[in-house]
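*Asks:* Sharing a structure with you now.
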Amino acid sequence: MALQLSNTQLKWLKVAIFVLALLPFARLVWGVATGAFTDPLAEITGISGEWALYFLCITLAVTPLRRLSGWNWLVKLRRMVGLFTFFYAFVHFIAFLWFDHFFDVAAMLADVVKRPFILVGFIAFVLLIPLAATSTNAIIKRLGGKRWQWLHRLIYLIGPLAILHYWWMKEGKSDFAQPILFGAIVAVLLALRVFWHFRRKPQAVRA
Amino acid sequence: MLFKRHPNGLDLPFPSEITPQEVYTGRRQFIARMAATAAVGGGVWEMANREAFAQTATGQKLAARANVALSTDEKQTPFKDAAGYNNFYEFGLDKGDPADNAHTLVTRPWTVRIEGEVKKPLTLDIDSLLKLAPLEERIYRLRCVEGWSMVIPWIGYSLSNLLKQVEPTGNAKFVEFTTLADRKQMPGLRSGVLDWPYVEGLRIDEAMHPLTLLTMGMYGQVLPNQNGAPVRLVVPWKYGFKSAKSIVRIRLVSRQPRTAWNDSAPREYGFYSNVNPNVDHPRWSQASERRIGETGLFQPKRKTLMFNGYDQVASLYTGMDLKRYY
């Protein structure tokens, strides 16, 4: 039977997830503050990038999970997880801009244009911005549910772009174990949507 | 001079002074277990392990005469960073893996075979290698292709001392270095990241250059396992991966040898791989670098120097297009 949560339970679950989701960031701050990282820039970039991907996968998993389990309350957690995706992607981008280029925007843009691996990651980040910016209830209302939903389908593009970015990053060291894992997860999550989409269509025609 | 010099050029402790391996690995496990009970969270666990390593793996001293002429006076990288942040894929892909895993490497007995286009092929054990020429301490800059750098006091002598012993023939145009690949000692070999064994190479004139150091120690002591014990190469004007670690065979050859990284990703890792701020890596610029232990978050990276600042090697490449031969 579908697991039900009361509003209070849901509230506490949200708080718990919020705190958990901040732990990787706390680790970054702690590591930098105590000098525990030998190469802080590399650690910040790596950890933030990885967690952006984790949260992207979790965000994409909400709908299939909800459908398979019947836990409808899952959808109420999705906005927060999605915003954490943006948060870690933002840290990742700032690490690139600040620590790598020292706020030299011209040098950063030159790098973006010159290197496909950075370009793809940059596009994925830029596409995340409108999603994060349209996450408040007021804006959802103003846009209207349909248009909001269409906009947020950008995530289907962002997922593969992020994987490609990660894949190309690891390519030089032929270390594909993690990109394959992440790629497989995103592929399954997107394939489920495609599958459900096409299964529904013929029925609709028949009805 | 950093250390009192013994007549044999070594300053090794008596066997009775060396902590037996079981004792110190036992202590390491004990400390790690204590830390694990006390600490929560992956990060803390990692740090605790690193601390335990730092306390126990202090190696045997190795005396050497300082070669000031070939040394930089830049601030040295702390030992814990140089011995705790390594690329040595035979022991794992993460920077901390080698320090965690390399204790399984057996560095004695150890022999190096020198063969190929030579008149007098040789097999030398590590003790003979240590005595072959006077040991020098040279403080070199190390530039990794990944964009970070260190300053490390190495101990060794010019590789040319060894190569002269075997009397290369006129056919010897390149030198190929093969490093140990033993699944029993090296857990990283299970990954298919590179085609093992790790092989690197130099042109003969590069190998004979006085800067090219056959290295047995660092920071006044025998090389830690994770830094390529018991014998490695250090070629300071090239990216770090050109400096093969834990060498078991040196072969003089007539043709440019295949190298592990060049095989795996030829676009990214050329045979020459001279440090060159003007030739980007396909995925990042090489114009600047992060000096480990120095570059704080609020301090810009430092500019990378041509040949890592070792201008004396420039003549080796006169007339060569270093963009093409990267």
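Residue numbers (this note's numbering), protein chains in the order written: chain R, 3 to 209; chain W, 973 to 1298.
We put the beta carbon where it would ideally sit given N, CA and C, even for glycine.
Because the structure is a prediction, the values reported are computed rather than measured.
#1: For chain R, check one thing: does any of its Cβ atoms lie closer than 7 Å to the Cβ of W/Val-1165?
#2: Give the single residue among W/Gly-1242, W/Leu-1269, W/Thr-1141 and W/Arg-1113 whose Cα lies nearest to the Cα of W/Gln-1048.
#3: DSSP on W/Ala-1201, reduced to helix/strand/coil?
#4: Please look up how many angstroms separate the CB atoms of R/Pro-42 and R/Val-34, rounded, as I've assumed it's under 8 Å.
#5: Under a three-way DSSP split, which group does W/Arg-1263 fall into?
#6: Within a Cβ cutoff of 8 Å, which residues of the same chain sit near W/Val-1165, ignoring the five residues on either side of it in sequence?
#7: When the Cα of R/Trp-230 is compared with those of R/Arg-201, R/Pro-118, R/Arg-29 and R/Arg-81, which residue comes out closest?
#8: With burial defined as no fewer than 16 other Cβ atoms inside 10 Å of the residue's Cβ, what is the status of W/Met-1292: buried or exposed?
#9: Identify, in the order they occur along the chain, each residue of the same chain with its Cβ nearer than 7 Å to the Cβ of R/Leu-163, setting aside the five sequence neighbours on each side.
#10: Indicate whether W/Thr-1276 and W/Ser-1260 have their beta-carbon atoms separated by less than 7 Å.
#11: Three-state secondary structure (DSSP) at W/Asn-1143?
#12: Buried or exposed: W/Pro-1125, going by 16 or more other Cβ atoms within 10 Å of its Cβ?
#13: On the CB-based measure, 16 or more other CB atoms within 10 Å of its CB, does W/Ala-1135 come out buried or exposed?
#14: Could you give the distance in angstroms between the alpha-carbon of W/Ala-1038 and the alpha-carbon of W/Thr-1150?
#15: Could you tell me if W/Asn-1234 is buried or exposed, where buried requires 16 or more neighbouring beta carbons within 10 angstroms of its beta carbon?
#16: On the premise that W/Gln-1157 lies in contact with W/Leu-1077, defined as a C-beta separation below 8 Å, what is that separation, rounded to the nearest angstrom?
#17: Using the rule of at least 16 other Cβ atoms within 10 Å of the residue's Cβ for burial, across every protein chain shown, is W/Ala-1216 buried or exposed?
#18: Quick one: does W/Ala-1024 have its CB under 7 Å from some CB of chain R?
#19: Can you tell which of R/Gly-185, R/Leu-156, R/Ile-157 and R/Lys-148 has its C-alpha closest to the C-alpha of R/Leu-166?
#20: Are the beta-carbon atoms belonging to R/Thr-87 and W/Asp-1053 less than 7 Å from one another?
#21: Please list, in chain order, all residues of the same chain as W/Val-995 whose beta carbon is under 8 Å from its beta carbon, the five residues on each side excluded.
#22: Give the residues of chain W in contact with R/Thr-40, contact being defined as C-beta atoms less than 8 Å apart.
#23: Just the C-alpha distance for W/Phe-1025 and W/Arg-1080, rounded to the nearest angstrom, thanks.
#24: Using a Cβ-Cβ cut-off of 6 Å (strictly less than) and excluding sequence neighbours within five positions of W/Pro-1050, which residues of its own chain qualify?
#25: For the segment 101–134 of chain R, list every residue whose C-beta sits within 7 Å of some C-beta in chain W, in sequence order.
#26: Using a Cβ-Cβ cutoff of less than 6 Å, which residues in the same chain neighbour W/Lys-1210 once the five nearest sequence positions on both sides are dropped?
#27: In whole angstroms, what separates the C-alpha of R/Arg-201 from that of R/Ala-54?
#28: Would the beta-carbon of R/Thr-61 fall within 7 Å of that of R/Val-83?
#29: Taking only three categories from DSSP, how would you classify W/Arg-1227?
#30: Taking only beta-carbon positions, decide if R/Leu-43 is within less than 7 Å of chain W.
#31: Which residue from W/Gly-1242, W/Pro-1272 and W/Thr-1290 puts its Cα closest to that of W/Arg-1296?
#32: Rounding to the nearest angstrom, what Cα-Cα distance links W/Asn-1250 and W/Trp-1120 in this structure?
#33: Are the beta-carbon atoms belonging to W/Thr-1231 and W/Val-1206 less than 7 Å from one another?
#34: For W/Glu-1172, which option in W/Arg-1162, W/Val-1220, W/Ile-1111 and W/Leu-1161 has the closest C-alpha, if you only look at C-alpha atoms?
#35: Of the residues W/Gln-1193, W/Asn-1197, W/Gln-1271 and W/Leu-1161, which one's Cα is nearest the Cα of W/Gln-1032?
#36: Under 8 Å: do the segment 1087–1094 of chain W and the segment 1139–1150 of chain W share three or more Cβ pairs, one atom per stretch?
*Replies:* According to the data block:
#1: Under the Cβ criterion of 7 Å, W/Val-1165 is counted among the residues facing chain R.
#2: With distances taken between CA atoms, W/Gln-1048 lies nearest to W/Arg-1113 out of W/Gly-1242, W/Leu-1269, W/Thr-1141 and W/Arg-1113.
#3: Reduced to three states, the DSSP call for W/Ala-1201 is coil.
#4: Between R/Val-34 and R/Pro-42 the Cβ distance is about 5 Å, and since that is below 8 Å, they are a contact.
#5: Judged by DSSP in its simplified three-state form, W/Arg-1263 adopts strand.
#6: Answer for W/Val-1165: Tyr-1061, Leu-1065 and Ser-1236, listed in chain order.
#7: The requested residue 230 of chain R is not part of the displayed model; chain R covers only 3 to 209.
#8: Under the 10 Å beta carbon count, W/Met-1292 is surrounded by fewer than 16 other beta carbons and is classified as exposed.
#9: Cβ neighbours of R/Leu-163 beyond the five flanking positions: Val-122, Ile-125 and Ala-126.
#10: Cβ atoms of W/Thr-1276 and W/Ser-1260: closer than 7 Å.
#11: In this structure, W/Asn-1143 counts as coil in the three-state DSSP scheme.
#12: With at least 16 other beta carbons inside 10 angstroms of its own, W/Pro-1125 counts as buried.
#13: Position check: residue 1135 of chain W holds Leu in this sequence, whereas Ala was assumed. By the 10 Å Cβ count, W/Leu-1135 comes out buried.
#14: Distance between the alpha carbons of W/Ala-1038 and W/Thr-1150: 29 Å.
#15: With 16 or more Cβ atoms within 10 Å of its Cβ, W/Asn-1234 is classed as buried.
#16: The pair is a contact, with the Cβ atoms about 5 Å apart (cut-off 8 Å).
#17: By the C-beta density criterion, W/Ala-1216 is buried, having at least 16 other C-beta atoms within 10 angstroms.
#18: Residue confidence is low: W/Ala-1024 scores 40 on pLDDT, short of 50, so the model does not pin down where it sits. Its coordinate-derived value is still stated next. Look at W/Ala-1024: its C-beta is not under 7 Å from any C-beta on chain R.
#19: Closest option to R/Leu-166, Cα to Cα, is R/Gly-185.
#20: No.
#21: The predicted model places W/Val-995 with a pLDDT of 49, which falls under 50 and marks its position as unreliable, so this point remains unresolved.
#22: One finds Asp-1053, Gly-1056, Tyr-1057, Lys-1067, Ile-1264 and Gly-1265 in chain W with Cβ atoms closer than 8 Å to the Cβ of R/Thr-40, taken in chain order.
#23: In this predicted model, W/Phe-1025 has a pLDDT of only 42, less than 50, meaning its place in the structure is not dependable; the value taken from the coordinates is given anyway. When rounded, the distance between both Cα atoms is 20 Å.
#24: Cβ within range, chain order: Gly-1265.
#25: Residues passing the 7 Å Cβ filter: Phe-101, Phe-104, Asp-113, Arg-117 and Phe-119.
#26: Correct list, in chain order: Ser-1245 and Asn-1246.
#27: As the crow flies, the alpha-carbon of R/Arg-201 is around 31 Å from that of R/Ala-54.
#28: Yes; because the gap between Cβ atoms is below 7 Å, this pair is in contact.
#29: Reduced to three states, the DSSP call for W/Arg-1227 is coil.
#30: Yes, contact with chain W.
#31: Closest option to W/Arg-1296, Cα to Cα, is W/Gly-1242.
#32: Taking the straight line from one Cα to the other gives about 16 Å.
#33: When the beta-carbon positions are compared, W/Thr-1231 and W/Val-1206 stay at least 7 Å from each other.
#34: When C-alpha distances from W/Glu-1172 are compared across W/Arg-1162, W/Val-1220, W/Ile-1111 and W/Leu-1161, the shortest belongs to W/Val-1220.
#35: Of the listed residues, the one whose Cα sits closest to W/Gln-1032 is W/Gln-1193.
#36: Under the Cβ criterion (8 Å, minimum of three pairs), the segment 1087–1094 of chain W counts as touching the segment 1139–1150 of chain W.
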